[in-house]
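Enquirer:
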Amino acid sequence: MLWDVTTKFNQPQLAALSRHSQLVIDVSWAEDSASLVSASYDHSVKLWDVEKSQLVTSKEVDGLVQCVAFNMADNNQFFLGSSKCCLHMADARSDVCRTWTNDAMVNALHVAHDGLTITTGDSKGMLKTWDVRMDACLEELSVLNDPARHAISHVHASPASDGGDDGRFLGVNSYDNVLRVYDRRSKLISSRSTRRGPGAGSDSRDGDQLQLVCSVSGHKNKNWPIKSSFFRGDGYKYKLALPPRGRLGGGLGAGSGSGSRRKLTDGDGEDFADPSGERGSMDSSRETLLLATGSADRHIYLHEVTPSKHVDSSGGSKSNGPGKHTQTLVQKIDAHNDRVYCVDFHPTEPILASASADCSIKIWLPRSGSSSVTRHGKSKN
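The sequence shown maps to residues 34 to 414 in the numbering used here.
(1) Where does TYR334 fall in DSSP's three states?
(2) Taking DSSP as the reference, what is the three-state secondary structure of PRO340?
(3) Is the beta carbon of TRP163 less than 8 Å from the beta carbon of LEU120?
(4) Count the other C-beta atoms from every protein chain shown that fall within 10 angstroms of the C-beta of ASP37, then say buried if there are 16 or more, exposed otherwise.
(5) Distance, Cα to Cα, ALA181 vs LYS157?
(6) Under the assumption that ARG213 contacts ASN256 (Cβ atoms under 8 Å), give the Cβ distance between them as a whole number of angstroms.
(7) Can you check which of these residues, ARG217, ARG218, ILE185, ASP199, is closest to ASN210 by C-alpha distance?
(8) Could you check where the beta strand (DSSP E) with GLU84 kicks off and where it finishes?
(9) Measuring alpha carbon to alpha carbon, tell me which residue in SER328, MET34, ARG166 is nearest LEU69.
(10) Could you tell me the distance, in whole angstroms, from the CA atom of GLU93 to the CA atom of HIS53?
(11) Do you know whose CA, among ASP155, PRO380, ALA169, lies nearest THR132's CA?
(12) Specify the secondary structure class of PRO399 as computed by DSSP and reduced to three states.
(13) With ASN206 as the anchor, note down where its beta strand (DSSP E) starts and where it stops.
(14) Among residues of its own chain, excluding the 5 on either side of HIS143, which ones have a beta-carbon nearer than 6 Å to its beta-carbon?
(15) Let me know the secondary structure DSSP gives ALA141 once reduced to three states.
(16) Between LYS161, GLY148, ASP124, which lies nearest to ASN140 when the distance is taken from Cα to Cα?
(17) List the whole-angstrom C-beta distance separating CYS118 from ASN135, where the pair is believed to meet the contact cut-off of C-beta under 8 Å.
(18) So LEU322 and THR339 are in contact, right, with Cβ under 8 Å, and what is the actual spacing, rounded?
(19) With DSSP as the reference, label TRP133 as helix, strand or coil.
(20) How many Å lie between ALA49 and GLU172 at the Cα?
(21) Could you check whether SER341 and HIS369 sit closer than 8 Å to each other, using their CB atoms as the reference points?
(22) Looking at C-alpha atoms only, which residue of GLU64, ARG331, SER194 is the closest neighbour of VAL376?
(23) Rounded to whole angstroms, what is the Cα-Cα separation between MET159 and TYR208?
(24) How far does the beta strand (DSSP E) with ALA169 in it reach, from first residue to last?
(25) Can you grab the Cα-Cα spacing for the pair PRO276 / TYR334, in whole Å?
(26) Run through DSSP, which three-state label would ASP95 get?
(27) Indicate whether ASP147 and ASN108 have their beta-carbon atoms separated by less than 8 Å.
(28) Is GLN87 buried or exposed, if buried means 16 or more other CB atoms sit within 10 Å of its CB?
(29) With a cut-off of 8 Å on the beta carbons, I'd call LEU149 and GLN242 a contact; round off their distance for me.
(30) On the criterion of 16 or more Cβ atoms from any shown chain inside 10 Å, does GLU382 qualify as buried, or is it exposed?
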């Protein structure tokens with residue numbers, strides 16, 4: 034189902050792409066938003082022309098398709114993971130499909146912006162990195178997410194900063210009810226990590242490995258394919274609320290200037306305790322990294338996982354090493370009437386979409402401070 038929510042709230046759907054014969058478990062947008070690829074338990078992935086609402090091509094594989102993602106460097110290519118323990122790369126221009134064999138079901142994947150490496154999360158709790166050019170799994174860049182080997186349900190990267198193509202941090206949802214954040218040190222899931230010269234030694238390799246920097250809990254993930262999402266922005270704290278009916282358009286598509294943006298706490302009258310000890314701090318120059326996750330208990334959990342900074346010997350500030358992240362529960366939202374399977378932040382604005390087993394999608398905007406904010410905003414199929 035496709036809706037345009039930029040101009041009018043509760044606008045009728047634009048299209049229904051209905052060629053799958055079983056439930057659709059995952060979708061991925063092309064970088065230009067002109068194409069969409071969908072993954073289904075009918076053993077197929079389908080590529081769609083969004084403007085024409087037409088099916089472009091369909092690829093079938095053995096097993097249930099668990100996840101799918103575009104190659105952002107080539108909108109004709111996409112990757113998918115299956116219940117038959119395989120990672121596939123498909124191309125809309127040919128019938129050729131490359132396949133890599135795993136030892137467990139591939140439940141989740143993240144594709145590097147250059148399309149050269151893929152991180153997968155599987156049913157045995159392993160995070161693995163696959164190199165397309167080497168046609169192999171990079172064992173030195175693979176880690177066990179938790180000792181009990183709980184299945185991983187989602188893997189995604191934080192937004193890029195400093196002009197990079199890939200975000201530094203990796204969020205991983207797991208069936209042990211823990212959401213972990215890994216530091217990739219700006220190298221993992223990047224072509225740079227596999228461009229090692231003949232003299233590259235173990236020190237370089239060790240520097241590329243994933244480092245667990247924090248874990249958050251409280252949400253319920255066990256046995257359900259729960260997903261999470263990062264947001265990077267300015268300001269100290271953010272809180273979310275549903276907009277009044279008919280008021281959604283003003284929040285989406287706003288200008289990028291600071292004067293047109295609203296922090297998610299503007300006007301709500303709440304006072305926050307800054308970890309630095311200053312109450313009520315709203316330092317707009319401080320970059321904040323948020324992590325939202327769905328939950329089987331019908332709530333959305335919004336955490337701050339901003340890297341801490343400390344003063345170095347020269348008087349400047351720098352990011353601490355692994356394990357030096359703040360981790361604060363900013364908000365627990367009573368969001369839906371059933372399990373919240375998926376949440377996803379807008380790429381550049383503090384706007385969150387949530388999808389639930391109650392057959393609704395909700396859009397969450399910065400809290401306006403008005404006491405008349407009502408809980409409307411469902412799109413039901």
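We put the CB at the ideal spot given by N, CA and C, even for glycine.
Keep in mind that this is a model prediction, so the values were computed, not measured.
Expert: On the basis of the data shown:
(1) Here TYR334 sits in strand by DSSP.
(2) Strand at PRO340.
(3) Cβ distance < 8 Å, so TRP163 and LEU120 count as in contact.
(4) exposed
(5) Approximately 9 Å between the Cα atoms of the pair.
(6) About 18 Å separates the two Cβ atoms, so there is no contact after all.
(7) ILE185
(8) No beta strand (DSSP E) holds GLU84; DSSP gives it neither H nor E.
(9) The candidate whose alpha carbon is nearest that of LEU69 is MET34.
(10) 11 Å
(11) For the residues ASP155, PRO380, ALA169, the minimum Cα distance to THR132 belongs to ALA169.
(12) PRO399 carries a strand assignment under DSSP once its states are collapsed to helix, strand and coil.
(13) 202-207
(14) THR152, VAL188, HIS189, ALA190
(15) Three-state DSSP puts ALA141 in a strand.
(16) LYS161
(17) 5 Å
(18) The pair is a contact, with the Cβ atoms about 5 Å apart (cut-off 8 Å).
(19) strand
(20) 42 Å
(21) no
(22) ARG331
(23) 12 Å
(24) 169-177
(25) 18 Å
(26) Here ASP95 sits in coil by DSSP.
(27) Going by beta carbons, ASP147 and ASN108 fall outside the 8 Å limit.
(28) By the 10 Å Cβ count, GLN87 comes out exposed.
(29) 18 Å between Cβ atoms; not a contact.
(30) buried
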